[in-house]
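Undergrad: Protein chains in written order, with the numbering used here: chain A, 1 to 216; chain B, 1001 to 1216; chain C, 2001 to 2216; chain D, 3001 to 3216; chain E, 4001 to 4216; chain F, 5001 to 5216; chain G, 6001 to 6216; chain H, 7001 to 7216.
Quick reminder that beta carbons are idealized off the backbone N, C-alpha and C, glycines included.
Being a predicted model, the structure only gives us computed values, none of them experimental.
Shown below is the structure under consideration.
There are 8 protein chains.
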Amino acid sequence: MPDAADFARLDHRRADRTGEPEVVYGEHKPPAEVAALLAALLTGGSSPVLATRCSPAHAAAAPEAHYDSAARLLVARRADPVDLGTVVIACAGTSDLPVAREAVGTLDAFGVSTDVIADVGVAGVHRVLAETDRLAAARICIVVAGMEAALPTVVAGLVSCPVIGVPTSVGYGTAFEGLAALLGMLTACAPGISVVNMDNGFGAAMVARRILRAGG
Amino acid sequence: MPDAADFARLDHRRADRTGEPEVVYGEHKPPAEVAALLAALLTGGSSPVLATRCSPAHAAAAPEAHYDSAARLLVARRADPVDLGTVVIACAGTSDLPVAREAVGTLDAFGVSTDVIADVGVAGVHRVLAETDRLAAARICIVVAGMEAALPTVVAGLVSCPVIGVPTSVGYGTAFEGLAALLGMLTACAPGISVVNMDNGFGAAMVARRILRAGG
Amino acid sequence: MPDAADFARLDHRRADRTGEPEVVYGEHKPPAEVAALLAALLTGGSSPVLATRCSPAHAAAAPEAHYDSAARLLVARRADPVDLGTVVIACAGTSDLPVAREAVGTLDAFGVSTDVIADVGVAGVHRVLAETDRLAAARICIVVAGMEAALPTVVAGLVSCPVIGVPTSVGYGTAFEGLAALLGMLTACAPGISVVNMDNGFGAAMVARRILRAGG
Amino acid sequence: MPDAADFARLDHRRADRTGEPEVVYGEHKPPAEVAALLAALLTGGSSPVLATRCSPAHAAAAPEAHYDSAARLLVARRADPVDLGTVVIACAGTSDLPVAREAVGTLDAFGVSTDVIADVGVAGVHRVLAETDRLAAARICIVVAGMEAALPTVVAGLVSCPVIGVPTSVGYGTAFEGLAALLGMLTACAPGISVVNMDNGFGAAMVARRILRAGG
Amino acid sequence: MPDAADFARLDHRRADRTGEPEVVYGEHKPPAEVAALLAALLTGGSSPVLATRCSPAHAAAAPEAHYDSAARLLVARRADPVDLGTVVIACAGTSDLPVAREAVGTLDAFGVSTDVIADVGVAGVHRVLAETDRLAAARICIVVAGMEAALPTVVAGLVSCPVIGVPTSVGYGTAFEGLAALLGMLTACAPGISVVNMDNGFGAAMVARRILRAGG
Amino acid sequence: MPDAADFARLDHRRADRTGEPEVVYGEHKPPAEVAALLAALLTGGSSPVLATRCSPAHAAAAPEAHYDSAARLLVARRADPVDLGTVVIACAGTSDLPVAREAVGTLDAFGVSTDVIADVGVAGVHRVLAETDRLAAARICIVVAGMEAALPTVVAGLVSCPVIGVPTSVGYGTAFEGLAALLGMLTACAPGISVVNMDNGFGAAMVARRILRAGG
Amino acid sequence: MPDAADFARLDHRRADRTGEPEVVYGEHKPPAEVAALLAALLTGGSSPVLATRCSPAHAAAAPEAHYDSAARLLVARRADPVDLGTVVIACAGTSDLPVAREAVGTLDAFGVSTDVIADVGVAGVHRVLAETDRLAAARICIVVAGMEAALPTVVAGLVSCPVIGVPTSVGYGTAFEGLAALLGMLTACAPGISVVNMDNGFGAAMVARRILRAGG
Amino acid sequence: MPDAADFARLDHRRADRTGEPEVVYGEHKPPAEVAALLAALLTGGSSPVLATRCSPAHAAAAPEAHYDSAARLLVARRADPVDLGTVVIACAGTSDLPVAREAVGTLDAFGVSTDVIADVGVAGVHRVLAETDRLAAARICIVVAGMEAALPTVVAGLVSCPVIGVPTSVGYGTAFEGLAALLGMLTACAPGISVVNMDNGFGAAMVARRILRAGG
């Protein structure tokens, strides 16, 4: 295993400034590099220690870390639970679940509790209306949706908490790998919605955690 | 006034083949040309006789025609009313009304009855749910929406009739002059929706009329 | 086989509202999930029961369903035939046939009769003109075309029924995976055309069925 | 002045659900319509009552409202101040100030206190570093930037609170009216950033307010 | 009037190499500059001498030249007629006529005879079929069309001569200022079509002239 | 081998109208289908008989046809040589050769003689200038180039014959799979250039053949 | 005149770090603001003091500065001449001259000598070859071109010095306001070319000055 | 091994004109062709002799050349070291290293010394500030960054030398394979930055070498 100091510049003081340790972005990186970075972060005392967008090959190179294959997350250390309220993660279709799981897995690694409301796309709007109570109990809603991505607008009109939209690359043709969903969320006619990159469940979780702490 | 025969080739047998007379597309055309085309269609016996996307200057050049400035329609002859059921035109915001009015004005010229349900965007989804009865009474729904254009999906999940989506150029930034709305409608996750060009209220009306006649 | 209730929220009352049961979108879903969803829909009494965009692996996981590999459809229950007239599916080239077959297979599962007119692209316009009688007998035309997608315009000028355009991803270079065809259909200069997503033969069939029922 | 009830469907119960009254989107609307909507909201007891993207003509039609021409806001009623901490609005260049002012004016109307840090683009990164203390005192940072929009990334690496990015349409050529800035913010390599539509200072303010209340 | 030699570098030997004199591109150029360039070309003996995309202001600055306002051409010297056969210019709609006229005016200035077949869009395909004889008599067809631009494909399937497609910016929404037409022509499924820039009637004429001379 | 009549509609009278037989587009088609179409065209007497964009699997299914793997052409019958002058095919880089070879192979099948001038990109402009004599001898120049595609402009400034530009998908990044080359050719500042789709060597050859015959 | 300190944060130590004073970007800024910024920079001792993209209204507000209307530059203080060799600015067409002049005016304000070679587009490649000596004498070439922007490639193949490409928005249709030129320059097949934003003559000049100083 | 003279036109006088030998672009070329080209360049006396974008298969075909698999470079002859100062290559993340290595390997083949500063993305801006001395010692900075690509702006504000930006295709979603980074660099608000194509480390190195020689 290579030494992370040979190729990377870990930002050990990031947690002091931002309250978050460095997180490893696994995609594009050789498995041995990801393993070395996780090892260095473990040694450096980061909490939690995780890597995103990891393949089974990454997981094999870091056997001490827990691998969530649906979320593509490698978690080498979990933070202690925090009592900051619940983040609801709503997703429009079952195909959006992997992205939702990345958000759940990230929040879980940071000790934040979550509640997943799956398969409530607005083609059957009664499904989401039936969950009004769970939505109302959220301190934050992360809404994961592909295709026309109408769910964040409907949710933001039902709740008073912030809504973080995560467009997904689910779909074909004019879904344009999530672009239709992204544009839809950015032009949503309900206030209170902000957006992260396509399929970026991790990013949504990090925004959610900052919001929770902002309220502390 | 120039003679339409000098510059155009009116398709006098179109109505025989398709059940629709030629309609004048006013944009890009000088007012005198539009007036000449309307005159030729009147003489030729077309019914109705109308021109779309007309400015006040067009209207001034064809004083015998009725001008609907909101819809930008010039109607020189109205067809007799037909008994084909009602077309509901739902629109998401008040800014979408001009496009809705183009659809209404076109159907009206063809003698088809309409029912407009305005300002029922899904940011307050209870507004559209409150109109379920009117929606259910429709033989066709034309749904006009800009921005993220979530309304057709919600409507198509509430009714059993065909839904024709009309994306509008309302909005700014990533609305991209209706592109976001168009992509949203084309990727709608509810079945039964087909789509026409941005701001094309006229086109939606013509599709609706063909559908009504198909059921005859 | 997992239980569909564990990961999905089947909309059992959709048929009451919209006249259509839920249909499974196979792409992106693991075969066992598709099989579980089909099983749940069968149990729930839906009719028909089908899944779109299925691979042979999906078919292998649901051996009791009939698999149409060209159309990529899995049909687990077929609806009774209905007497709503014939839907003509015209396609421009032989490469467009798989999309046409998805439309045909879907309508067939819903009990609607179809008539396929293949390989009538407008580069040899006499071919489509020779089929004027079959076109005129249609209550609806679904027109499937890639590349410049001129066929819907020509067809819409020959018939009086609604035309549903399905752009296909056939072609290369500036075909841009169906975008050229889509833009062409949306800007078609003949009235009476509405459009669905690229390669969405299923969607066109569902629009057609709603139109047929609207005429009932 | 027309009666708002004749053309709009005010969502009087929105505040109950979401904690926010309806806000009028002035662009595309005739001045008399905006004035009528403000009057109806005043009568209905909304607080605050404001309209965004208003021109001087809108202001002239609603003389009782206060007009902020830089922010293009019309404020007809201001809410009582709330004690939710301070929102810092940082902007990269002086050309981004109008968008920043829309955010400030909106938060002000809702009674939220703000602190503007202007002209701290990263071409002279020492300028933003010199404001570390003011940034650290923020409960939320709204970062307004056009062109390459690097400021949100730098800020998010300096603070622990949520960062809301607002891309602006400042620039020319490959700025593509804010698209470059938008893409930059969505791909920012620092966690904790979410994004709203181009030039949408109002939207950022509404997200900020929801975040503040989520922490209450 | 400034001296062209002060700001331009006329390529006096171009005609020797390519058989074509320099032609002035008027757009973006001050009227006095266009006038000076025309004067220099007249003095230099070029034949013909013309400028494209000229406004009435350009025409006023060069009163000795003939101005065709529809085609936006300034012709200061006409070439002698040549006997190279006829170029047919077919256009889909009356709104495409200005572009057709730029092609006609350019060929006319070069002494080439033309035959214009206007308003034969394929929405009424019988119109173009009725002109089969005139089309068959062409040595070259220039086909001018906006929107979905299906006409070149149909024409190329009817004739044996080369077809030059000119997409026009006529239309709105997804016409995208001629992009839909351009993509359609480039993906045309009939062989024998090549394409020039949007609205480039001049360019099509120059290609046509080279083709005619190639056959000499 | 299936029977072509079962799935295709061969346009046997195309040669009468256009002087060209049908040509099979191999991409997207199963090998057996291509073989059946070639067999039907052979039986029908077409000359030449060829299929484009064929893989080795296509070639294996049609063993009696000659396969040019670089050009991806299957030629089942060659036409007699015609005496129409020489088509020069110039290409900018060695990576553009496969597309050039598709043009050469097509013209060869039609009996037209060609002259290939390879690797004369304008980064070393002396290379193309050194070939001025061969270029001047051409009745038509097909210019094949990727990346910035400057070669057609330079060539069109050196010769008096028509120039057909073929953008190629060679390159990476902002080459955007040939889009940069396409846009460059369409905006070329030299007259006499028309353009076909990316990588469409076949299409350029067909345009060239029509031009040659137009001159006959 | 407002005080610049009230709205801007002048980076007075920029020259220490980068060798360049701040330069005012005039577009989007009210004239009084530009005037105030120039005054502050003059007082602060910057040299030179200039503002880019200024309209006549800006010039009127800062009467002590020299206004170059073609280049849209306001120069309030000129730096002393430096002896760093000559920058050649070559431009393809006369319509590109305003952008070339912005580069010239900027270098002039910084005391750098320039040599402009105008109207040497590659449609007549002999024109640029005739200037080989002047090009060879350059320490840097700035090449300004719109449309297909082939000139930088040709120049970079003739000289050994760095070439800075400036795409311009000259052209129409597929020129896409400079995008075609930009893509062309970025994919140029000659080494030694780097690129700045569309129409950014100022930016090219600043790069050139840094290069000259790097060689000091 | 084929003979390069059979398919290519090596520009043996390029070094005389431009100071650079031809370099082989390996992508799209068969291994035997690359080997033949390298052999011809070695024989012709070029120095250095290298090929870019080579796969292991290319390396296997040219066993005498040194293969740098990270940089994908094949170096068959190295030039003598030159004393032109140091080029700093800074990269934002470890995923950008392969592109940085292509720049380093190219400069190394040309005998130019380099200094790599890795993993200094602006999410932790203190990392790049900590390297101010190494940056200040550079005669040129090549800055390699993907995603939002903010690093060139920050670096250009810290140094006085030219900055060459290399956008990389690292990232997902709205990174659009480097497009976000490219747009960001082109609109950078710091002067002194010019840009090359995505992932074009080789191109940046060639620009750097020309700059160094310009200063000689």
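Could you check which residue in G:R6139, G:L6212 and G:A6036 has the C-alpha nearest to that of E6258 of chain G?
TA: What the structure shows of chain G is the stretch from 6001 to 6216, and residue 6258 of chain G is not part of that stretch, so it cannot be assessed.
Undergrad: Mark G2235 of chain C as exposed unless 16 or more other C-beta atoms lie within 10 angstroms of its C-beta, in which case mark it buried.
TA: Missing from the structure shown is residue 2235 of chain C; chain C here goes from 2001 to 2216 and no further.
Undergrad: Starting from G4157 of chain E, find everything on chain C with Cβ-Cβ shorter than 8 angstroms and list it in chain order.
TA: Those within 8 angstroms of G4157 of chain E in chain C are V2122, A2123, G2124 and V2125.
Undergrad: From the DSSP output, in three-state form, read off D3115 of chain D for me.
TA: If DSSP states are grouped into helix, strand and coil, D3115 of chain D belongs with the strands.
Undergrad: When you compare each of B:I1089, B:E1102, B:G1124 and B:F1110 to V1082 of chain B by their alpha carbons, which one comes out closest?
TA: V1082 of chain B has its Cα closest to that of B:F1110, out of B:I1089, B:E1102, B:G1124 and B:F1110.
Undergrad: Comparing C-alpha positions only, which one of E:D4003, E:P4002, E:M4001 and E:R4009 sits nearest to V6116 of chain G?
TA: Ranking the options by Cα distance to V6116 of chain G, first place goes to E:R4009.
Undergrad: From what residue to what residue does the beta strand (DSSP E) around G4165 of chain E run?
TA: Residues V4163 to P4167.
Undergrad: Enumerate, from N- to C-terminal direction, the unbroken alpha helix (DSSP H) stretches of 4 or more residues contained entirely within the segment 7014-7083 of chain H.
TA: If we require 4 residues or more, the alpha helix (DSSP H) runs fully inside the segment 7014-7083 of chain H come out as 7014-7018, 7031-7044 and 7056-7061.
Undergrad: Determine the direct distance from the alpha carbon of N7197 of chain H to that of V6195 of chain G, and round the result to whole angstroms.
TA: Distance between the alpha carbons of V6195 of chain G and N7197 of chain H: 9 angstroms.
Undergrad: Roughly how many angstroms lie between the CA atoms of P6191 of chain G and S6160 of chain G, to the nearest whole one?
TA: The straight-line gap from Cα to Cα measures roughly 10 angstroms.
Undergrad: Suppose you measure from the CA of A3032 of chain D to the CA of A3060 of chain D; what does that come to, to the nearest Å?
TA: Cα to Cα, the separation comes out at about 10 angstroms.
Undergrad: Show which residues of chain C have a CB atom less than 7 angstroms away from the CB atom of G173 of chain A.
TA: Under the 7 angstroms cutoff, chain C gives G2178, N2197, M2198, D2199 and N2200.
Undergrad: By the criterion of Cβ-Cβ separation under 7 angstroms, what are the contact partners of V3170 of chain D in chain G?
TA: Residues of chain G passing the Cβ test: H6028.
Undergrad: From what residue to what residue does the alpha helix (DSSP H) around A2214 of chain C run?
TA: Residues G2201 to A2214.
Undergrad: Would you mind reading off the limits of the beta strand (DSSP E) that contains T3086 of chain D?
TA: Its beta strand (DSSP E) spans residues T3086 to C3091.
Undergrad: Using 10 angstroms around the beta-carbon of T1043 of chain B, count the other beta-carbons present and answer buried if the total reaches 16, otherwise exposed.
TA: Under this definition T1043 of chain B is an exposed residue.
Undergrad: Rounded to the nearest angstrom, what separates S1113 of chain B and A4103 of chain E at their Cα positions?
TA: Each residue's alpha carbon lies about 46 angstroms from the other.
Undergrad: Does any residue of chain F have a CB that is nearer than 7 angstroms to the CB of F7110 of chain H?
TA: Cβ-Cβ to chain F under 7 angstroms: no for F7110 of chain H.
Undergrad: Pull up the distance between the alpha-carbon of D1199 of chain B and that of G1026 of chain B, whole angstroms please.
TA: Each residue's Cα considered, the two are about 15 angstroms apart.
Undergrad: Let me know the secondary structure DSSP gives A190 of chain A once reduced to three states.
TA: Here A190 of chain A sits in coil by DSSP.
Undergrad: In chain order, what residues of the same chain have a beta carbon less than 7 angstroms from the beta carbon of A136 of chain A, not counting five sequence neighbours either side?
TA: Cβ neighbours of A136 of chain A beyond the five flanking positions: V159.
Undergrad: Can you name the start and end residues of the alpha helix (DSSP H) that V1125 of chain B belongs to?
TA: V1125 of chain B -> alpha helix (DSSP H) spans V1125 to L1129.
Undergrad: Exposed or buried, which one is S7069 of chain H when buried takes at least 16 other CB atoms within 10 Å?
TA: Burial call: exposed.
Undergrad: Check whether the Cβ atoms of V7125 of chain H and G3184 of chain D lie closer than 7 angstroms to each other.
TA: For V7125 of chain H and G3184 of chain D, no; Cβs fall outside 7 angstroms.
Undergrad: By alpha-carbon positions, which one of E:A4092, E:T4153, E:V4163 and E:A4130 ends up nearest to G4171 of chain E?
TA: Comparing Cα positions, the closest option is E:A4092.
Undergrad: Closer than 9 angstroms between beta carbons: that is the criterion. Which residues of the segment 1021-1051 of chain B meet it against chain C?
TA: The segment 1021-1051 of chain B vs chain C, Cβ under 9 angstroms: V1023 and Y1025.
Undergrad: In the DSSP assignment, the alpha helix (DSSP H) including V144 of chain A goes from what residue to what residue?
TA: No alpha helix (DSSP H) holds V144 of chain A; the beta strand (DSSP E) holding it covers I140 to A145.
Undergrad: Among G:R6139, G:D6133 and G:R6127, whose alpha-carbon lies nearest the alpha-carbon of L6151 of chain G?
TA: Closest option to L6151 of chain G, Cα to Cα, is G:R6127.
Undergrad: Let me check one thing: in DSSP terms, what residues is V2195 of chain C bridge-paired to?
TA: BP columns for V2195 of chain C point to B:V1195 and C:G2165.
Undergrad: Should V155 of chain A and V1122 of chain B be called a contact, given that it needs their Cβ atoms to be closer than 7 angstroms?
TA: For V155 of chain A and V1122 of chain B, no; Cβs fall outside 7 angstroms.
Undergrad: Going by beta carbon distance, what residues of the same chain come within less than 7 angstroms of D1096 of chain B, once the five residues before and after it are set aside?
TA: Cβ neighbours of D1096 of chain B beyond the five flanking positions: V1144, A1145, G1146, T1168 and V1170.
Undergrad: Which same chain residues end up closer than 6 angstroms to D108 of chain A when comparing Cβ atoms and leaving out the 5 residues on each side of it in sequence?
TA: Result list for D108 of chain A: empty, nothing under 6 angstroms.
Undergrad: Let me see if you follow: with CB-CB separation under 7 angstroms, is A1149 of chain B close to chain C or not?
TA: No, A1149 of chain B lies away from the interface with chain C (no Cβ there is under 7 angstroms from its Cβ).
Undergrad: Which residues in the same chain as R101 of chain A place their Cβ atom closer than 6 angstroms to its Cβ, once the five residues preceding and following it in sequence are excluded?
TA: Taken in chain order, the residues that qualify are A70 and A71.
Undergrad: Could you confirm whether any beta carbon from chain C is found closer than 7 angstroms to the beta carbon of C4189 of chain E?
TA: Output row for C4189 of chain E: interface = yes.
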